[in-house]
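Down below is the structure, laid out as structure tokens.
Protein chains in written order, with our numbering: chain A, 1 to 277; chain B, 278 to 641.
Structure representation (structure tokens):
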């Protein structure tokens with residue numbers, strides 16, 4: 001008699017074996033392929049054949065003979081430019097949304113930004129190509145820049161606006177009453193407090209832009225290949241493990257970025273006004 | 278009277294949010310160096326008025342003048358007004374010294390002058406030695422002082438305090454309250470404080486303005502408006518008060534079957550109306566209570582004790598007078614010394630001072 005209610009109590013708190021298994025499976029699907037790619041990048045066989053034989057030759061090849069480096073640099077350059085611009089315009093948009101926007105204007109802006117996240121990029125990319133063709137830009141680097149900026153801007157705006165809303169507006173009032181004009185007040189008071197959020201937003205914008213195969217696929221000029229486009233082509237014709245080496249480096253850099261984001265999140269949470277990403 | 282161009286002057290200031298009228302034709306004058314308090318419940322418009330004076334919110338109409346200068350349309354950074362915010366609004370990323378120096382920096386003061394004036398003001402608010410702390414590492418009372426120092430260091434022509442004590446706990450609040458009074462009188466800065474706490478207002482202010490639904494109900498020296506409230510709202514807002522339903526009958530008041538001479542209750546000779554049902558407003562400390570019935574009718578009121586509530590130095594006695602409950606304060610030694618003060622005991626009340634107020638519908 002006494003054992004059954006106790007078991008019930010324990011069940012309510014414990015992770016059920018089924019849930020644990022599901023969680024394990026999800027993590028395995030995520031991480032096992034990554035682990036395999038990392039291992040294969042150090043394997044001498046170009047076909048992933050065993051036995052494992054350690055080598056750095058694919059890394060060497062990546063930086064010497066491989067044709068992956070060009071697309072990688074192009075992707076990095078485009079994404080850096082897009083992320084920095086998204087940070088600038090996104091912060092301006094966030095300030096406008098929080099401090100100046102009318103109810104209707106702000107609502108429209110939010111809906112517009114949300115649609116850039118929720119409308120499938122497949123549709124968005126196709127629609128953008130139509131517009132770019134219509135206005136004479138066509139497939140070009142400018143089109144890629146505009147397309148990626150539009151898809152990354154919402155992330156910066158939403159992250160910064162969340163932080164802005166948690167900032168006491170009296171901070172601005174205090175600075176104003178002490179003699180600061182609106183611009184100085186923003187620069188001296190709000191900007192330093194927003195900085196962790198702006199950096200978070202920029203990093204996320206960078207990753208989204210770097211990853212955005214669909215927008216790049218639709219808007220890239222023929223013959224110009226960003227890294228996602230290059231990989232797509234290679235997958236269809238077969239590739240060498242130098243791609244594994246590149247993937248390993250990208251995974252490492254991503255881990256580093258996540259660590260930075262996490263640190264920034266902690267810094268944000270430590271500031272009065274509470275947590276924001 | 279000379280028309281001195283001093284202090285703060287508001288003329289017919291109006292403000293509405295949508296259809297709600299928050300302030301209606303506020304006109305007031307705070308002379309140079311005085312400490313005025315805007316006292317009112319939440320929603321009375323007091324904070325909006327403060328924001329209009331500071332320049333954070335534009336008024337819909339009317340004029341704001343400071344030291345003879347019309348500042349109605351000036352942005353806050355051109356007004357030279359120091360503001361202490363309810364939640365202090367200290368800059369989280371700056372140290373105490375940087376925070377206090379901010380206003381001087383904005384005015385382009387050279388470094389040597391900044392250091393000197395920051396040190397001087399930190400001495401005034403007794404915060405020396407904490408210069409390099411950040412707000413998060415300060416207690417509530419210390420944060421309050423930093424906020425005050427930051428507002429005073431610019432030598433403002435007006436100091437605005439928005440519920441400056443409400444975020445502090447009771448004990449610290451009393452300390453800071455006394456500090457505030459000392460600092461205000463040492464600097465001689467014209468000060469306007471907004472509060473909903475009548476005790477704070479009465480303690481600190483040279484003059485109290487009671488606000489309700491956007492207009493000034495009464496203004497005057499604290500003791501004056503406490504003793505002579507113009508209506509039931511002001512009377513009740515400034516502290517506990519008994520409102521006894523009475524009928525005016527010539528030189529007498531009728532309370533149920535009892536009669537009380539106007540002269541016995543020190544009621545001013547000309548009450549607002551001499552007939553009909555009115556309210557006799559008596560503060561609990563303005564009555565003396567004794568055991569036993571009144572020997573000569575007309576000078577005191579009979580009642581029956583219903584409860585005694587012990588409160589340390591004082592005891593609150595609840596007395597039933599002709600079906601109406603009256604609260605009376607007595608010193609606790611007087612009541613505790615005898616066991617005759619039991620519920621049901623017959624008592625007599627002598628009224629030292631009272632006022633007759635028009636009975637409003639809100640209080641039956």
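Ideal Cβ positions, reconstructed from N, Cα and C, are used throughout, including at glycine.
Non-local beta-carbon contacts of residue 98 of chain A in its own chain, meaning distances under 8 Å to residues more than five positions away in sequence, involve 161, 164 and 165 in chain order. Within the same chain, Cβ atoms closer than 6 Å to the Cβ of residue 511 of chain B are found at 487, 494 and 495, the five residues on either side in sequence being excluded. Shown in chain order are the members of the stretch 398-425 of chain B whose Cβ falls below 9 Å from a Cβ of chain A: 412, 413 and 424. With a cutoff of 8 Å on beta-carbon distance, residue 559 of chain B and residue 502 of chain B are scored as not near each other. Non-local C-beta neighbours of residue 286 of chain B in its own chain, meaning closer than 6 Å and more than five positions away in sequence, comprise 306 and 342, ordered along the chain.
Restricting attention to B:445, B:414, B:626 and B:392, the CA atom closest to the CA of residue 421 of chain B is found in B:445.
With a minimum length of 4 residues, the unbroken runs of alpha helix (DSSP H) contained wholly in the stretch 66-109 of chain A fall at 69-95.
The alpha carbon of residue 621 of chain B has as its nearest neighbour, out of B:574, B:590, B:570 and B:374, the alpha carbon of B:570. In its chain, beyond the 5 residues on either side, 141, 144, 145, 148, 209 and 226 have a beta carbon closer than 8 Å to the beta carbon of residue 78 of chain A. Collapsing the DSSP output to three states places residue 364 of chain B in coil. Closest option to residue 513 of chain B, judged by alpha-carbon separation, among B:523, B:475 and B:627: B:475. Under the 10 Å beta carbon count, residue 92 of chain A is surrounded by fewer than 16 other beta carbons and is classified as exposed. Contact check for residue 557 of chain B and residue 521 of chain B: beta-carbon distance about 4 Å, within the 8 Å limit, so the pair qualifies. Residues are counted here when their Cβ sits less than 7 Å from a Cβ of chain A; for the stretch 317-333 of chain B these are 331 and 333, given in chain order. The residues 304, 339 and 340, in chain order, have a CB closer than 7 Å to that of residue 288 of chain B in the same chain once the five nearest residues on each side in sequence are set aside. Contacts between residue 360 of chain B and chain A, judged by CB atoms closer than 8 Å, involve 173, 174 and 177 in chain order. Fully enclosed alpha helix (DSSP H) runs of no fewer than 4 residues occupy 121-134, 141-166, 169-177 and 182-185 of the stretch 121-186 of chain A, in order along the chain. The continuous alpha helix (DSSP H) containing residue 611 of chain B extends over residues 609-613. For the pair residue 592 of chain B and residue 586 of chain B, the CB atoms are nearer than the 8 Å cut-off. Between the alpha carbons of residue 155 of chain A and residue 126 of chain A lies a distance of about 21 Å.
Under the 8 Å criterion on CB atoms, residue 348 of chain B is classed as non-interfacial with respect to chain A. Looking at A:95, A:153, A:36 and A:112, the one whose alpha-carbon comes closest to that of residue 85 of chain A is A:153. Annotation: the continuous alpha helix (DSSP H) that includes residue 447 of chain B extends over 447-464. In the DSSP assignment, residue 19 of chain A falls within the unbroken alpha helix (DSSP H) covering 17-41. Taking 8 Å as the CB threshold, residue 180 of chain A lines the interface with chain B. Under the Cβ criterion of 8 Å, residue 164 of chain A is not counted among the residues facing chain B. Taking CB atoms only, residue 196 of chain A has no neighbour in chain B less than 8 Å away. A Cβ of chain B is located within less than 8 Å of the beta carbon of residue 193 of chain A. The stretch 337-381 of chain B is shown to contain whole beta strand (DSSP E) runs of 3 or more residues at 338-343 and 358-361, in chain order. Remark: C-beta atoms of residue 360 of chain B and residue 377 of chain B do not approach each other more closely than 8 Å.
Ranked by how close their Cα comes to the Cα of residue 36 of chain A, the residues A:76, A:216 and A:241 have A:241 in first place.
With a threshold of 8 Å between beta carbons, residue 242 of chain A makes no contact with chain B. Listed along chain A are 171 and 189, each with a C-beta nearer than 7 Å to that of residue 368 of chain B.
In the three-state reduction of the DSSP assignment, residue 231 of chain A falls in the helix class.
Note on geometry: alpha-carbon atoms of residue 398 of chain B and residue 479 of chain B lie some 27 Å from one another. Per DSSP, the continuous alpha helix (DSSP H) segment holding residue 477 of chain B begins and ends at 475-481.
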